[in-house]
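Participant: Handing you this structure, nothing more for now.
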Ligand code: MEV
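Numbering (my numbering), first residue to last: 918 to 1244.
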């Protein structure tokens, strides 16, 4: 193995899913965009029998949990995920000459917030490790494989949309069969992200939906097909810069997600408040059951209005702009 720089560095985006979460697990295409808030990691060599990982959350929406220290020899989920990532990133899963790694990672995303916190951390850590051990440029496919290994420990059967968006950024159409395809936006998209105040587990929500599906497969499949149609239309609306149509499609997607029992009182309040002050559409984003809601807004003034109204109702949030750019 070639040893590159003595410090490796990696970054990755957080994500919001505009339409198609959960349905994407069952093969439907979903649309996601990378956001500036994400994760950063640095890696260096150390001596020792096992590699170490230090994790910090720096979010203005949640009170920061205590920093986490794990060893790749440990048995908790983060330690197992770190070990899986290292095994995928490093040939044979180990460094030569009894060396180990020290990785420090920080994220501005709230864990369980529906914004791809764990995927962003996985991609940033994988990039830092490969930057250090392989020397740049390293293959993005290797980053994706290592980050997927990390994600699988937390989420069991992830569709891959979170890691793909964390790695690519920008706007993507993603399906299990076709992977990530960049989308060309007809105009910038301005989105408010509201924190429901409750974190949720993607794995639990995905498992709960799978159990629900078993109780009524034909009904589930009808909703799946409907979401597929909404996503197809949303793709056209995004490419045409028709934000009014996109907002309506997001509202319809929210109704179907609520029908799958993925919404909560707080998420419904965030959506209703945003629509009342001029959002074009609003829905939960990510796994639901808590986490975050998003609202598509037509202007900076409406974005400020939504954030103010959310704050008055006790919800934190921020706005993010997804810039139109050539694929
Ligand atoms: C979570 O961000 C998105 C889900 O569709 C799960 C997945 O795609 O792996 C709920």
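Heads up, the beta-carbon is just placed ideally off N, CA and C, and yes, glycines get one too.
Owing to the predicted nature of the structure, the values given are computational and were not obtained by experimental measurement.
Rounded to whole angstroms, how far is the Cβ of residue 1034 from the Cβ of residue 1050, which I believe are closer than 8 Å?
Facilitator: With 8 Å as the limit, residue 1034 and residue 1050 do not qualify as a contact, their Cβ atoms being about 25 Å apart.
Participant: What's the call for residue 1109, buried or exposed, on a 16-neighbour Cβ count within 10 Å?
Facilitator: With 16 or more other Cβ atoms within 10 Å, it is buried.
Participant: Look at residue 1026 and residue 980 and say whether their C-beta atoms are less than 8 Å apart.
Facilitator: No, they are not a contact pair.
Participant: What are the boundary residues of the beta strand (DSSP E) that includes residue 961?
Facilitator: Here the beta strand (DSSP E) through residue 961 covers 947-964.
Participant: Residue ranges of each alpha helix (DSSP H) run of no fewer than 4 residues wholly in the stretch 1171-1222, ordered along the chain?
Facilitator: With a minimum length of 4 residues, the continuous alpha helix (DSSP H) runs that stay inside the stretch 1171-1222 are 1182-1193.
Participant: With a floor of 4 residues, list each alpha helix (DSSP H) that falls wholly inside the stretch 1104-1161, ordered by position along the chain.
Facilitator: Qualifying alpha helix (DSSP H) stretches, in chain order: 1119-1132 and 1134-1157.
Participant: Taking the straight line between their C-alpha atoms, what separation do you get for residue 989 and residue 1006?
Facilitator: Answer to the nearest angstrom: the Cα atoms are 13 Å apart.
Participant: Identify the residues that DSSP records as bridge partners of residue 1021: which are they?
Facilitator: Its beta-bridge partners are 959 and 971.
Participant: Going by DSSP, what residues sit across from residue 985 in a beta bridge?
Facilitator: DSSP output for residue 985 lists 972 as bridge partner(s).
Participant: Between the C-alpha atoms of residue 919 and residue 1012, what's the straight-line distance to the nearest angstrom?
Facilitator: Its pLDDT being 44, under 50, residue 919 is placed unreliably in this model, and the coordinates cannot settle the point.
Participant: Looking at the unbroken alpha helix (DSSP H) that takes in residue 1039, where does it start and where does it end?
Facilitator: 1034-1050 is the span of the alpha helix (DSSP H), which, as asked, contains residue 1039.
Participant: Over what stretch of residues does the alpha helix (DSSP H) that includes residue 998 continue unbroken?
Facilitator: Taken as a continuous stretch (DSSP letters only), the alpha helix (DSSP H) holding residue 998 covers 994-1006.
Participant: For the 8 Å Cβ check, are there 3 or more pairs between the stretch 1146-1163 and the stretch 964-975?
Facilitator: No contact exists between the stretch 1146-1163 and the stretch 964-975.
Participant: Can you check whether the C-beta of residue 1124 is within less than 8 Å of a C-beta belonging to chain B?
Facilitator: In the displayed structure, chain B is absent; only one protein chain is listed.
Participant: Can you grab the Cα-Cα spacing for the pair residue 1105 / residue 1207, in whole Å?
Facilitator: When rounded, the distance between both Cα atoms is 27 Å.
Participant: Out of 1233, 1002 and 1094, state which residue places its alpha-carbon closest to the alpha-carbon of residue 1069.
Facilitator: Considering only alpha carbons, the answer is 1002.
Participant: Rounded C-beta distance between residue 1088 and residue 1155? I'm assuming under 8 Å.
Facilitator: Residue 1088 to residue 1155, Cβ: 7 Å. Contact.
Participant: Assuming residue 1072 and residue 1123 make a contact with CB atoms under 8 Å, what is their CB distance in whole Å?
Facilitator: Between residue 1123 and residue 1072 the Cβ distance is about 7 Å, and since that is below 8 Å, they are a contact.
Participant: Run the proximity test for residue 1181: is its beta-carbon closer than 7 Å to any non-hydrogen atom belonging to the ligand MEV?
Facilitator: No, the ligand MEV has no heavy atom inside 7 Å of this Cβ.
Participant: With a threshold of 7 Å (Cβ to nearest heavy atom), would residue 1119 be considered close to the ligand MEV?
Facilitator: Under cutoff, so the answer is yes.
Participant: Please name the residue or residues paired with residue 934 in a DSSP beta bridge.
Facilitator: The partner list for residue 934 (beta bridge, DSSP) reads 949.
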